[in-house]
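Report on the structure given below.
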Amino acid sequence: MSQEVADIIKELEGLVPELVSRLERISSQDEIESLRIDILGRKGKLATAMAMLGKVPAKDKPLLGKLGNKVKEELHTIFERAVEEQEERREEEYIRSFDPTLPPRYRYHGSLHLITSTINKITTIFKDLGYAVISGPEVETEYYNFEALNIPKHHPARDMQDTFFLRDGVVLRTHTSPVQVRTMQNHTPPLAAIVPGKVYRKDSDNTHTPMFHQIEGFVVDKGINFSHLRGTIMHLLQKLFGEHVIVRFRPSFFPFTEPSAEVDISCFGCSAGDKEPCRICGGSRWIEVLGCGMIAPEVFRSVEYDTEVYSGFAFGIGVERIAMLLHRISDLRLFYENDMRFLTQFASIEE
Amino acid sequence: MLINLTWIKEFVPITAPVEDICTALTQRGFEVESVETPLAYLNTILIGEVKECIQHPNAENLSVCRVSLGEEEYTIVCGASNVRAGIRVPVATEGTVMPNGLLIKSVALRGVDSCGMICSQAELGIASESNGIWILPSDAPLGVSIASYYGVADTVLDISITPNRGDCLSILGIARELALYYSLPLTMPSMGYETTKAYTDSVQVEVVEECSSLYMMQKLRYKEYTETPAQMRFRLVSVGIRPISLVVDITNYVMIELGQPLHAFDGASIQGDRVSVQYAKEGEECTTLDGVKRELTDQDIVIAGKTGVLAIAGVMGCACSEIQPSTREIVLESAVFADISVRKTAKRLSLSSEASYRFERGVDRGMVGHALDRAISLLVMYANAEVSSTRSHSSYSVPISSILFRAEKARTLLGITIDDVVIEDMLVSLGCTVERKDFFWKITPPSYRGDLKQETDIIEEVARLYGIDTIPTALPSIRYNTVLHAMESQYMQMMTTKRILCELGLHEIISYSFISKQLLHHIEGEIEAVAIQNPLCAEYDVLRSRLLPSLLLAMQRNYNNGARSLALFEVASIFIDTHHSIDFHVKEKETVGILLSGYMNRQEWGYPKEVWDYRDAKGIVMEYIYSITRMTCSFKLEENHKALSPCVRIIVGGERVGVLGRIRPRLAKEFDARYPVWYCELSLASLYKYKASGVQSYTPIPSYPSMSRDITFIVEEHCNIGIVLDAITTTSDSILESVYCIDVYKNESTREKHITVRVILRDSSKTLTDKEADMYRERIIQRVQEVSNARV
Chain A
74 MSQEVADIIK
84 ELEGLVPELV
94 SRLERISSQD
104 EIESLRIDIL
114 GRKGKLATAM
124 AMLGKVPAKD
134 KPLLGKLGNK
144 VKEELHTIFE
154 RAVEEQEERR
164 EEEYIRSFDP
174 TLPPRYRYHG
184 SLHLITSTIN
194 KITTIFKDLG
204 YAVISGPEVE
214 TEYYNFEALN
224 IPKHHPARDM
234 QDTFFLRDGV
244 VLRTHTSPVQ
254 VRTMQNHTPP
264 LAAIVPGKVY
274 RKDSDNTHTP
284 MFHQIEGFVV
294 DKGINFSHLR
304 GTIMHLLQKL
314 FGEHVIVRFR
324 PSFFPFTEPS
334 AEVDISCFGC
344 SAGDKEPCRI
354 CGGSRWIEVL
364 GCGMIAPEVF
374 RSVEYDTEVY
384 SGFAFGIGVE
394 RIAMLLHRIS
404 DLRLFYENDM
414 RFLTQFASIE
424 E
Chain B
-11 MLINLTWIKE
-1 FVPITAPVED
9 ICTALTQRGF
19 EVESVETPLA
29 YLNTILIGEV
39 KECIQHPNAE
49 NLSVCRVSLG
59 EEEYTIVCGA
69 SNVRAGIRVP
79 VATEGTVMPN
89 GLLIKSVALR
99 GVDSCGMICS
109 QAELGIASES
119 NGIWILPSDA
129 PLGVSIASYY
139 GVADTVLDIS
149 ITPNRGDCLS
159 ILGIARELAL
169 YYSLPLTMPS
179 MGYETTKAYT
189 DSVQVEVVEE
199 CSSLYMMQKL
209 RYKEYTETPA
219 QMRFRLVSVG
229 IRPISLVVDI
239 TNYVMIELGQ
249 PLHAFDGASI
259 QGDRVSVQYA
269 KEGEECTTLD
279 GVKRELTDQD
289 IVIAGKTGVL
299 AIAGVMGCAC
309 SEIQPSTREI
319 VLESAVFADI
329 SVRKTAKRLS
339 LSSEASYRFE
349 RGVDRGMVGH
359 ALDRAISLLV
369 MYANAEVSST
379 RSHSSYSVPI
389 SSILFRAEKA
399 RTLLGITIDD
409 VVIEDMLVSL
419 GCTVERKDFF
429 WKITPPSYRG
439 DLKQETDIIE
449 EVARLYGIDT
459 IPTALPSIRY
469 NTVLHAMESQ
479 YMQMMTTKRI
489 LCELGLHEII
499 SYSFISKQLL
509 HHIEGEIEAV
519 AIQNPLCAEY
529 DVLRSRLLPS
539 LLLAMQRNYN
549 NGARSLALFE
559 VASIFIDTHH
569 SIDFHVKEKE
579 TVGILLSGYM
589 NRQEWGYPKE
599 VWDYRDAKGI
609 VMEYIYSITR
619 MTCSFKLEEN
629 HKALSPCVRI
639 IVGGERVGVL
649 GRIRPRLAKE
659 FDARYPVWYC
669 ELSLASLYKY
679 KASGVQSYTP
689 IPSYPSMSRD
699 ITFIVEEHCN
709 IGIVLDAITT
719 TSDSILESVY
729 CIDVYKNEST
739 REKHITVRVI
749 LRDSSKTLTD
759 KEADMYRERI
769 IQRVQEVSNA
779 RV
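Chains as they are written, first to last, in the numbering used here: chain A, 74 to 424; chain B, -11 to 780.
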């Protein structure tokens, strides 16, 4: 065996121990890669050793070639294992250092105003019953806002609603009821509609804002009676406040309905033995939630409906009031201050 | 309406506990708003006798009294000049809270300990002023409270009376309802008296029919001025009426009892013993009892005498006919005045009185004479008055109309089962006369129920007595109305817009529709706005014709509260003055306002640090518009916007639907902005004209791979990126799938901009080759260079 051949054999046989000892000293992925290039690369040590094969006598070639392949295979195996071990170590390290308490990175999400979501909640209840959701103008004539609803110009009932005037005979609507008249005028029964919207009254204190939201609802058809009204209101209040809500109807007066009723729910903020007067009901144990009644014959006459054929009921709900009760909000002004700390509290989806 | 329960028991022998009475009233439509004991302070004011009264050692005007309350004795310092030994006086004991809020406690007054206070009538709330302490009858029992001595430890209910039930603005009215509820008898107060035969003086009255359908006057005279009995005064105080003088107190007392307002004139003021009830002369003046000079119109009803106006009918008397301490002859008036006229006058003069409140709601014609009798009997009793045997009387007949009523209609409208006879009993118990004639019944309501005019009114009474809380419940079956449901779009548009913007990460605000004109003009320039004739305050004197001011105010509030990331929107109607009478001059335009300012993200570790800028705002606007219209909008620079600079107009389908821009920095600063403020205002109606219709069709997912080519164009620094992108996209080449910017770099030294775009190429029918892609790249470069000086 020539010295040359012996050198090649030595060179080839030395590669594996060299790799093993060098691997022991390295840790990073990059170092493994550069080691791989150094040994197994196109110009690496194995390639250099193999290149020398060309110069050896033909009889030694099979032996050297065989050895070369064996070493190459062995080197690859060691590398693969080293890479695997490296990956395992990295994975182990990741798992070991994983911090489940890391602060999250949130996606943006917006929020609907609580008034909007409360309106949604209520209109959905009525949409499910088959009502149409409709709108009407906020600027109204005195005729639609008052006269057509049986509130004549010089009647004490006008005192119930302090009105903003824009011009003679033109007002900001004080309630959503004018839409009732407009709808009856333009359509023929059967009618079942729910009308959410802004309304305006010249009133501003802790319990009144000059603008607020109402939801008007009405049904006109043949054979509609007071028990239907009661059933509908009960359904609404059970959906809103739970199946076990205690509801009280008491006679009241609205010019546009007769008989009329105001509806209270039993206060959930206090109990019989409380010493301090309750902040929600003021100690009365009842909370007023809405007004309703059978549509008055005067209203039907103003839209030329035959009261012997059709009857109907109507109700009006104060949205802010419902929102305050549902979400235990004690200060009405919060709704219109547009403070982000308030607005963003109700971003979650409630159905 | 304040109802004193002790007083009401004189009318109906009710024994039920207070809570029960409240429930009863509420069930019958009279909501009890609160239960009060306004005279509770009288429970700890006890009757005492001054045993000894000596000069205070350190104060000339004070006396030191030894007061016996029966078993105990106290030392009380008193400042009154009429205090003396031997008199019986009211003593406010320690812990009493006086009507003026003063808490009685033991104190040293100028070095002498004083335990309690000897009270005057004024201090007890039954006189407007007092000269000294109140000397009680000498037989007043020692140690007994003033409350029990006068029997006035009363519970008072504050009841809300609906405008249709004027008949219940009295003790009698509420007593009637309670008598009905509890099936108890109703007792009227005593009204008997004797007239003086020889005294026949009277006032001749002349009444215009439209002014008063029933008018009565009667003269009385008395020999000396008498004080109102304390018990009556306490009663008046308990229901919120201030005691004045015996005559006035009695008229008020009877009004509270029976609901009929009365008025008393000084007899001497009616010269010639003639009055007429008529409309005032236009511009006629008078001075009312409150000392205010009033100008009248020919719509106001007055009681006119020879010398001018003596009283504004049903509203207030005039100073010239006021009862004086020296008055010895009075003329009492009881009448029904035209409700609408009284209301108009009271409204116009802003002079709502207890009387006008009742006249407006209708008084009981049947009570006019009785009320007069009741007042006279009280005057006879307390003032020993002589009563003229002549009563002036003017009456115009009022047609008594009966109501046709069907029991069947009541049953169907209420959804209840109830026998005819039960209904009949109910109506009779209400005081109605019922004539049953088969199907139609003829109902004649009692005179005090002026609110019962038609069949529905009777049905309402049936419901009320049946108990509306016991009517069964049923859900009606709702029949679908296609035409009505087609009207839903307006609400749906608003809701869809709100939902999309919320999904895009924005927070909805809701602001008042009113704003200050000054602020609007300051922000938006001299634009028009619909004025409110009677604004709440100057801050809200117009309806907003833009949303921007509201959003700026919301931004300001939040910046000042420490917020540093604002993404707000509002969807609301703005109000435009159209100057056309067709829509009452006002057009409501539903509008969207979007305001972005400050950090886009939380200011926490690991979040990007960018603040909202034009690209973010534009992205939100385009996403929103696309989801409504499925169209891409375009943006064009717009100049001279008052609030926005730069400002771009947003164009959809060739139409300007809104603007987007940055609030001018100076303006933003005024609203305490810390970062640039981007704002967009869009017209919902304009946008919805381009609402995508129909259902979106599916685009097949490509089956061949795409290729991409990056190209860097070098342009001069002010060149818009859009010029490059538009040049590439305005082509009908089907293999250009998309193009987007991957980098923009400004070379400060050469003052050039390097715009790197990536074009995505794809042939839907085969795999593109490198060569084809390279060729296409050259074509693109050529196209860009045709419209610009771009180098590659």
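All residues carry an ideal CB built from backbone N, CA and C; glycine is no exception. Computed from a predicted structure; not experimentally measured.
For residue i, count neighbouring Cβ atoms within 10 angstroms of its own Cβ and tell me buried if that reaches 16, exposed if not.
{"i": "B:H567", "result": "exposed"}
{"i": "B:G594", "result": "exposed"}
{"i": "A:E157", "result": "exposed"}
{"i": "A:N259", "result": "exposed"}
{"i": "A:E349", "result": "exposed"}
{"i": "A:A27", "result": "Past the boundaries of the shown model lies residue 27 of chain A; chain A is included only from 74 to 424, so the question cannot be answered."}
{"i": "B:V640", "result": "buried"}
{"i": "B:K397", "result": "buried"}
{"i": "B:V132", "result": "exposed"}
{"i": "B:M369", "result": "exposed"}
{"i": "B:T295", "result": "exposed"}
{"i": "A:R98", "result": "exposed"}
{"i": "A:S208", "result": "buried"}
{"i": "B:A73", "result": "exposed"}
Assuming contact is defined by CB atoms lying nearer than 8 Å, are residue i and residue j in contact in what I supplied?
{"i": "B:A661", "j": "A:N411", "result": "no"}
{"i": "B:L202", "j": "B:S383", "result": "yes"}
{"i": "A:L175", "j": "A:G141", "result": "no"}
{"i": "B:S257", "j": "B:I289", "result": "no"}
{"i": "A:K271", "j": "A:E211", "result": "yes"}
{"i": "A:L148", "j": "A:I112", "result": "yes"}
{"i": "B:I466", "j": "A:A265", "result": "yes"}
{"i": "B:R750", "j": "B:S681", "result": "no"}
{"i": "B:V100", "j": "B:V52", "result": "yes"}
{"i": "B:L463", "j": "A:T305", "result": "yes"}
{"i": "B:G36", "j": "B:L130", "result": "yes"}
{"i": "B:D529", "j": "B:P523", "result": "yes"}
{"i": "A:S64", "j": "B:G17", "result": "With chain A running from 74 to 424 in the structure shown, residue 64 of chain A is simply not present."}
{"i": "B:V65", "j": "B:H44", "result": "yes"}
I think residue i touches residue j, with their Cβ atoms under 8 Å apart; what is that distance to the nearest whole Å?
{"i": "B:Q442", "j": "A:P225", "result": "Contact doesn't hold; Cβ gap of about 15 Å is too wide."}
{"i": "A:T236", "j": "A:T249", "result": "Not a contact, Cβ separation roughly 15 Å."}
{"i": "B:T188", "j": "B:S377", "result": "5 Å"}
{"i": "B:C306", "j": "B:T333", "result": "About 13 Å separates the two Cβ atoms, so there is no contact after all."}
{"i": "A:L399", "j": "B:E496", "result": "Not a contact, Cβ separation roughly 18 Å."}
{"i": "B:K430", "j": "B:S385", "result": "About 20 Å separates the two Cβ atoms, so there is no contact after all."}
- Query: Using Cβ-Cβ distances below 9 Å, what residues of the segment 405 to 422 of chain A are close to chain B?
  - Reply: F408, Y409, E410, N411, D412, M413, R414, L416, T417, A420
- Item | Residues of the segment 316 to 334 of chain A whose Cβ lies closer than 9 Å to any Cβ of chain B, in chain order | V320, R321, F322, R323, P324, S325, F326, F327, P328, E331, P332, S333, A334
- Interfacial residues, the segment 284 to 297 of chain A to chain B, with Cβ spacing under 7 Å: M284, V292, D294, I297
- Scan the segment 389 to 437 of chain B and note each continuous alpha helix (DSSP H) run of 4 residues or more that stays entirely inside, going in chain order. 395 to 402, 408 to 417
- Message: Which complete beta strand (DSSP E) runs does the segment 691 to 738 of chain B hold, if anything under 3 residues is left out?
- Response: 695 to 704, 724 to 735
- Message: Counting only Cβ-Cβ distances shorter than 8 Å, please list the residues of the segment 488 to 506 of chain B near chain A, keeping chain order.
- Response: L489, C490, E491, L492, G493, L494, H495, E496, I497, I498, S499, Y500, S501, F502
- Item | Interfacial residues, the segment 206 to 229 of chain A to chain B, with Cβ spacing under 7 Å | V206, I207, S208, P210, E211, V212, T214, H227, P229
- Residues of the segment 321 to 341 of chain B with Cβ closer than 7 Å to any Cβ of chain A, in chain order: I328, R331, K332
- Any chance you could list the alpha helix (DSSP H) runs of at least 4 consecutive residues sitting entirely within the segment 279 to 334 of chain A, in chain order? 299 to 314
- Item | Runs of alpha helix (DSSP H) lying entirely within the segment 439 to 468 of chain B, each at least 4 residues, in chain order | 443 to 454
- Query: Taking Cβ-Cβ distances below 7 Å as the criterion, which residues of the segment 6 to 17 of chain B are in contact with chain A?
  - Reply: T14, Q15, R16, G17
- Message: For the segment 422 to 440 of chain B, list every residue whose C-beta sits within 7 Å of some C-beta in chain A, in sequence order.
- Response: none
- Task: Enumerate, from N- to C-terminal direction, the unbroken alpha helix (DSSP H) stretches of 4 or more residues contained entirely within the segment 91 to 155 of chain A.
- Result: 102 to 113, 118 to 124
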